[in-house]
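Those protein sequences? They're chains A and B, same order as listed. With this note's numbering, letter number 54 in the first sequence gets 41, and the count goes up by one each step, no holes. Quick note, this note's numbering runs 280 ahead of the 1-based positions in the second sequence. Glycine included, every Cβ here is placed at the ideal spot set by N, Cα and C.
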Amino acid sequence: MRKRWVAVRAALDRPRVWRVTAVLAALLLCTLLVGAAQGSIDVLATRPAGPDHAAPWVRWCSAGQVREDRTQLAYCARVDGLVVNSTHGPAPGESHVAVVGDFHLTIVRLPDGAHTPPLGGRLIAVGPLVRARDGQREVQAFRVLHG
Amino acid sequence: MRWLAATLVLLAASAALLLGIFLRDRDTAWQLPPRATAEFDAKWVMTYVAGPTCGKRCSYTVLANPRADHWLARIVDRSRTTCVDIDVGRFDVSSAHGISGIQVIDCRSLPGPDGA
């Protein structure tokens, strides 16, 4: 048993290799931190009383019909982040993207026929916030402001 | 050995960050109402059977829920009708394996114009 332990220690005793892997792991962590920190998500729980004090993007919140087969979590949200995944279907022209911004993961259902931004691209979308089928938060994008 | 420890700590921190972001806003107890899930799955089956450009020539109807997690649906592609038993618990779509969790059944066993 002791012999095996000594052999394992000897095999792992490669300080130069582990120094390189530590630097790579530090770079990975920094990349993830920087990538996840950028962007933002603004959630508007209820419809604002008047347009005077609302942000300019709020006008797009009523530009469509909220889907009835989902639970609505908030009146509207504006998500700004990096695209990390995308799916298409089932209907033609229907696509969803997963967006990371401000350390939040949000699904965005793009307007039918909208261009799907590439992985790593920036997306800004506005629409009601609903609960997606898989339990994540989903913005039903009425308007794509960037991407 | 301290560099190995540093590597492991940094990798664990990266994994924890990703997991935290993934779980942060997720409602793990959330489930769609069963009928809404079946409707969604039936729409996928229709797209799979009839193709993505079928449009208004195709339709789907969820008809019955004979037992837990199983929904019977009729898919109409122009004049061709296909009936399926969708297991919403196992239903999945992937580019590698196509659609899983469905079984084609005899339309005559369904309520409606094709069946009793």
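> Using DSSP with H/G/I as helix, E/B as strand and the rest coil, what is B/Asp394?
Replying inline: In this prediction, B/Asp394 scores a pLDDT of 48, lower than 50, which makes its location untrustworthy; the coordinate-derived value is nonetheless stated afterwards. B/Asp394 falls in the coil class under three-state DSSP.
> Can you tell which of A/Leu60, A/Leu110, A/Ala119 has its C-alpha closest to the C-alpha of A/His133?
Replying inline: A/Leu110
> What is the DSSP secondary structure of A/Cys17, counted as helix, strand or coil?
Replying inline: helix
> Is A/Asp89 closer than 9 Å to A/Ala23 when the C-beta atoms are compared?
Replying inline: yes
> Where does the unbroken alpha helix (DSSP H) through B/Thr333 begin, and where does it stop?
Replying inline: Careful: B/Thr333 lies outside any alpha helix (DSSP H) and carries neither H nor E.
>> Measuring straight from C-alpha to C-alpha, what distance separates A/Ala124 and A/Thr93?
In response: The sequence shown places Arg at residue 124 of chain A, rather than the Ala named in the question. A/Arg124 and A/Thr93: Cα-Cα distance of roughly 5 Å.
> Taking Cβ positions only, does B/Ser294 come closer than 9 Å to chain A?
Replying inline: yes
>> Just checking: is the beta-carbon of A/Ala23 within a distance shorter than 9 Å of some beta-carbon in chain B?
In response: The beta carbon of A/Ala23 falls within 9 Å of a beta carbon belonging to chain B, placing the residue at that interface.
> Using a beta-carbon distance cut-off of less than 7 Å, what residues from the region 299 to 313 of chain B approach chain A?
Replying inline: Ile301, Phe302, Arg304, Asp305, Arg306, Asp307, Thr308, Trp310, Leu312
> List, in order along the chain, the chain B residues whose C-beta lies closer than 9 Å to that of A/Phe90?
Replying inline: The answer, in chain order, is Leu297, Gly300, Ile301, Arg304.
>> I believe A/Val70 touches A/Gly100 by the beta-carbon criterion, under 8 Å. Please report the beta-carbon distance rounded to the nearest angstrom.
In response: Rounded, the Cβ-Cβ distance is 18 Å, inconsistent with contact.
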